[in-house]
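Protein chains in written order, with our numbering: chain U, 88 to 235; chain C, 758 to 1191. Cβ coordinates follow ideal geometry from the N, Cα and C atoms, glycine included. The structure presented is a predicted model; accordingly, all values stated were derived computationally and were not measured.
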Amino acid sequence: MRIIALGNNVAGDDGAALLAAKAIEASCKADIVFAGRPGAELLDLLEVDEAVILLDVVAGTGQPGKIVKLSFNDLLNNLCPGKQLSSHGFGPTETLQLGQALGRPLPEGCFIGIEGQNFAPGDALSAAVREAMDSYVDCVRRAISEFS
Amino acid sequence: MSDEKKVYKVDLLTRVEGEGRFYLKVQDGKVIESQLNIFEAPRYFEALLRGRAIEEVPDIVARICGICPVAYQMSAVRALENAVGLVPSPSIRALRRLLYCGEWVESHALHIFLLHAPDFLGYASAMAMAADHRDLVEKGLRIKKIGNALIAALGGRAIHPVSVRLGGFTAAPQPRSLSDLRPALQQALSDALDTVQWTAGFSFPEFEQDYTFVCLDGVDYPLEWGDHIHISGQGSVPVADFHSQINETQVPHSTALHSRLKNAKHYLCGPMARINRHHQQLHPLALDALQRCGLALPVRNPYQSIVVRSLELVHALAEALDIIDAYQKPDPAFEIYKTRDAVAAGATEAPRGVLYHRYQIGEDGLVKEATIIPPTSQNQAQIEADLVSVAPQLLSMEHEQATHLCEQLIRSYDPCISCATHFLRLDIDWDNTL
């Protein structure tokens, strides 16, 4: 199993997925990739013959701390059309869409996101995300059991 | 004469790196206002470096950019090694050049295939292009992948590599780990040669400008080494004096500083500046590709920069193969130095142009002052000037077409505005959530 954590650990809540991956690192035998912002390289990271759990921080619903778990297909179907293909902003949205356009198969697994609130450089986690971190980590652990 | 006003703007530039917008106001065929707005929050890296040990600098500055971290590391070690009076050995220099080749490959491949080519083929994005030109996009990803593999082999990881240190590397790779990359590099070189012919066949808007070009000067094609910076029309100045040749100013519409020469003239750095001055230093394979593709030098049309990047892709891949073939593991992997009170500068050629670093350090090995001038901030004033120059062409166009031409022009600079927090945009039926 591979766990891929995305985000920026010096930009407030944007580091929440990386923190979750760190929290399970010692007790987990999975291949954990602290990918940060891998851009299009996410396509290569997803190209494995094992289950993948993709962790990231989401935004847009106004419910910081909310946890969302989706299959990769559901994730693709729920993506909003947005800013396209800035190479720094070449996030999971565009990467999955690009993979789909190229006909690359999605791995077994799921996406688990947590809604963030503060993303400014140097910010700490927001109170809402901090309070939700245990639940987020538990959710990741359950997904590991599910796909193991 | 009519008093018709036209406004061309894009509130969120796409297929550039970072967050920015442009705004162009034209009245009676004349530009009233031209702005490239950069509205990302300033990140205060120069202030953050103050008081830090010089050994920490390469790892800190690498975080400025996820696309060109090697460039930041290379300029930092050049400046700091100048400060402590250390000249790296030829084998260390070769290894650094190889690492930098990896970065050029991944950065140029990304821009050519995923960001810029859709403009010439009439697609809104690489995803749309991929539906019709899957092989092209896969080729671009394949080339980019070997660039990343090179960085990972030398730097420990592809993004924000960690092995660069003052005096050399924390560890040098085994020859086998580099020679294993050879087949993929050879394939990428073949793909890159095809890419030159492909991009040279694009239809380019007419837009020749009389630019002042700025690039690093050295014996080789400018990359990780060079003691002078050449300003076309003015000559070369020592890197240490470059800062005194320019003015950095703040403008209300941008969080990035604008750079201009002392005579107030804007200037262009990057692939066009490099190839116009140093094409004779290109790898023979790249020089041959240049001669065969029909690109006339000097290049003064920024829309043609995609061809220049393709040629630099050939150069970087061919040079990487040569360096690997001649590689002998440096022992030791780094040289020892003694810190001292000093002020020194260093510059290298990031994929987008000259990246200048200047540090004042103390005998205690701490940074007192840091100045970092990235290529995009140097090109920003030139981009705005280009938008002014392109305005007459816009007037006869449909609004959408005119706006696209401006976007394409900005994209031709491959502006690296800065790293931004990324969001996964979701439209979720919350019934699906936990």
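Exercise. Below 8 angstroms between beta carbons: does that hold for residue 916 of chain C and residue 941 of chain C?
Worked result: It is not a contact, given that the beta carbons lie outside the stated cut-off.
For this session: Inspect the beta-carbon positions of residue 201 of chain U and residue 139 of chain U and report whether they are closer than 8 angstroms.
Result: Residue 201 of chain U is not a Cβ neighbour of residue 139 of chain U, given a cutoff of 8 angstroms.
For this session: Can you grab the Cα-Cα spacing for the pair residue 1192 of chain C / residue 191 of chain U, in whole Å?
Result: The displayed coordinates of chain C run from 758 to 1191. Any statement about residue 1192 of chain C would go beyond what the structure contains.
For this session: Taking residue 793 of chain C as the reference, give the member of C/1157, C/1142, C/938, C/890 with the closest Cα.
Result: Nearest of C/1157, C/1142, C/938, C/890 to residue 793 of chain C, Cα basis: C/1142.
Problem set entry | residue 976 of chain C, buried or exposed, once every other Cβ within 10 Å from all chains shown has been counted against 16 | Classification for residue 976 of chain C: exposed.
Problem set entry | Touching by the beta-carbon criterion (3+ pairs, under 8 angstroms), the segment 958 to 976 of chain C and the segment 1056 to 1070 of chain C | As far as the Cβ criterion goes, the segment 958 to 976 of chain C touches the segment 1056 to 1070 of chain C, which means the pair count is three or higher.
For this session: Give the DSSP bridge partners of residue 846 of chain C, in chain order.
Result: Looking at the DSSP assignment, residue 846 of chain C forms no beta bridge with any residue, so it has no partner.
Exercise. DSSP state of residue 1135 of chain C, grouped into three classes?
Worked result: Residue state, collapsed to three classes: helix.
For this session: Could you work out which residues of chain U lie near residue 1155 of chain C, taking near to mean beta carbons separated by less than 9 angstroms?
Result: Per Cβ cutoff of 9 angstroms: no residues; residue 1155 of chain C is ~22 angstroms from chain U at best.
For this session: Mind checking which residues open and close the alpha helix (DSSP H) that includes residue 946 of chain C?
Result: Residue 946 of chain C -> alpha helix (DSSP H) spans 939 to 957.
Exercise. Counting contacts by CB-CB distance shorter than 8 angstroms, is residue 125 of chain U in contact with chain C?
Worked result: True, the Cβ-Cβ gap to chain C drops below 8 angstroms.
Exercise. Thinking C-beta only, is residue 949 of chain C closer than 8 angstroms to residue 1112 of chain C?
Worked result: Their beta carbons are not under 8 angstroms apart, which means residue 1112 of chain C does not touch residue 949 of chain C by this criterion.
Exercise. With respect to the alpha helix (DSSP H) encompassing residue 200 of chain U, which residues constitute its N-terminal and C-terminal limits?
Worked result: Per DSSP, residue 200 of chain U is not a residue of any alpha helix (DSSP H); the beta strand (DSSP E) it occupies stretches across 196 to 202.
Exercise. What residues in its chain sit with their C-beta under 7 angstroms from that of residue 169 of chain U, if we drop five residues either side in the sequence?
Worked result: With a pLDDT of 46 at residue 169 of chain U, under the threshold of 50, the modelled position of that residue is not reliable, and the figure given next carries that caveat. Closer than 7 angstroms at the Cβ level, and outside the excluded window around residue 169 of chain U, lie 180.
For this session: Please decide whether residue 902 of chain C counts as near chain U, where near means a Cβ-Cβ distance under 8 angstroms.
Result: Yes, because at least one Cβ of chain U sits closer than 8 angstroms to the Cβ of residue 902 of chain C.
Exercise. Which chain C residues sit within Cβ distance under 8 angstroms of residue 184 of chain U?
Worked result: 884, listed in chain order.
Exercise. What does DSSP give as the partner residues of residue 791 of chain C in its beta bridges?
Worked result: Looking at the DSSP assignment, residue 791 of chain C forms a beta bridge with C/781.
Exercise. Taking the alpha helix (DSSP H) that residue 995 of chain C falls in, what are its first and last residues?
Worked result: If you look at residue 995 of chain C, you'll find it isn't in any alpha helix (DSSP H); it sits in the beta strand (DSSP E) that goes 992 to 995.
Exercise. When the Cα atoms are used, what is the spatial distance from residue 919 of chain C to residue 938 of chain C?
Worked result: Their backbone Cα atoms lie some 20 angstroms apart in a straight line.
Exercise. How should residue 1114 of chain C be labelled, buried or exposed, when 16 other C-beta atoms within 10 angstroms of its C-beta is the threshold for buried?
Worked result: With 16 or more Cβ atoms within 10 Å of its Cβ, residue 1114 of chain C is classed as buried.
Exercise. How would you label residue 901 of chain C, buried or exposed, when you count the other beta carbons within 10 angstroms and need 16 or more for buried?
Worked result: Classification for residue 901 of chain C: buried.
Exercise. Which residues in the same chain as residue 1119 of chain C place their Cβ atom closer than 7 angstroms to its Cβ, once the five residues preceding and following it in sequence are excluded?
Worked result: Cβ within range, chain order: 1098, 1125.
Problem set entry | Contacting residues, own chain, Cβ-Cβ under 8 angstroms from residue 1149 of chain C (five flanking each side not counted) | Scanning its chain for C-beta atoms nearer than 8 angstroms, with the 5 sequence neighbours on each side dropped, one finds around residue 1149 of chain C the residues 786, in chain order.
Problem set entry | Residues within the segment 953 to 981 of chain C neighbouring chain U, beta-carbon criterion of under 9 angstroms | Those residues of the segment 953 to 981 of chain C placed with their C-beta closer than 9 angstroms to a C-beta in chain U do not exist.
Exercise. How would you list, in chain order, the residues of chain U whose beta-carbon sits under 7 angstroms from the beta-carbon of residue 1065 of chain C?
Worked result: What residue 1065 of chain C touches in chain U: nothing, since even the nearest Cβ is about 18 angstroms away.
For this session: Note down the Cα distance separating residue 224 of chain U from residue 164 of chain U, rounded to an integer number of angstroms.
Result: Residue 224 of chain U and residue 164 of chain U: Cα-Cα distance of roughly 25 angstroms.
For this session: Please name the residue, chosen from C/1087, C/1128, C/1152, C/1103, that lies closest to residue 931 of chain C on a Cα-to-Cα basis.
Result: A check of alpha carbon separations from residue 931 of chain C across C/1087, C/1128, C/1152, C/1103 identifies C/1087 as the nearest.
Exercise. Exposed or buried, which one is residue 890 of chain C when buried takes at least 16 other CB atoms within 10 Å?
Worked result: A residue is called buried when at least 16 other Cβ atoms come within 10 angstroms of its Cβ; residue 890 of chain C meets this threshold and is buried.
For this session: Could you tell me which of C/876, C/1106, C/812 sits nearest to residue 1158 of chain C, measuring between CA atoms?
Result: Residue C/876 is the option with its Cα nearest to residue 1158 of chain C.
For this session: Taking a Cβ distance cut-off of 7 angstroms, strictly less, list which residues of the segment 845 to 867 of chain C are near chain U, in chain order.
Result: So the list reads 867, given in the order they occur along the chain.
Exercise. For residue 96 of chain U, which residues of its own chain have a beta-carbon under 6 angstroms away from its beta-carbon, when the five flanking residues on both sides are left out?
Worked result: Same-chain partners within the cutoff: 102, 105.
Exercise. Can you name the residues of chain C whose CB is closer than 9 angstroms to the CB of residue 230 of chain U?
Worked result: Ordered by position in chain C, no residue passes the 9 angstroms Cβ test against residue 230 of chain U, which lies about 10 angstroms from the chain.
Exercise. Would residue 1052 of chain C pass as a contact of residue 127 of chain U if the rule is Cβ separation under 8 angstroms?
Worked result: When the beta-carbon positions are compared, residue 1052 of chain C and residue 127 of chain U stay at least 8 angstroms from each other.
For this session: Using a Cβ cut-off of 7 angstroms, pull out every chain C residue sitting near residue 128 of chain U, in sequence order please.
Result: Neighbours of residue 128 of chain U on chain C, chain order: 905, 915.
Problem set entry | Spatial neighbours of residue 789 of chain C in its chain, beta-carbon cut-off 6 angstroms, leaving aside the 5 residues before and after | Closer than 6 angstroms at the Cβ level, and outside the excluded window around residue 789 of chain C, lie 782.
For this session: Report the three-state DSSP secondary structure of residue 1091 of chain C (helix, strand or coil).
Result: Note: residue 1091 of chain C maps to strand in three-state DSSP.
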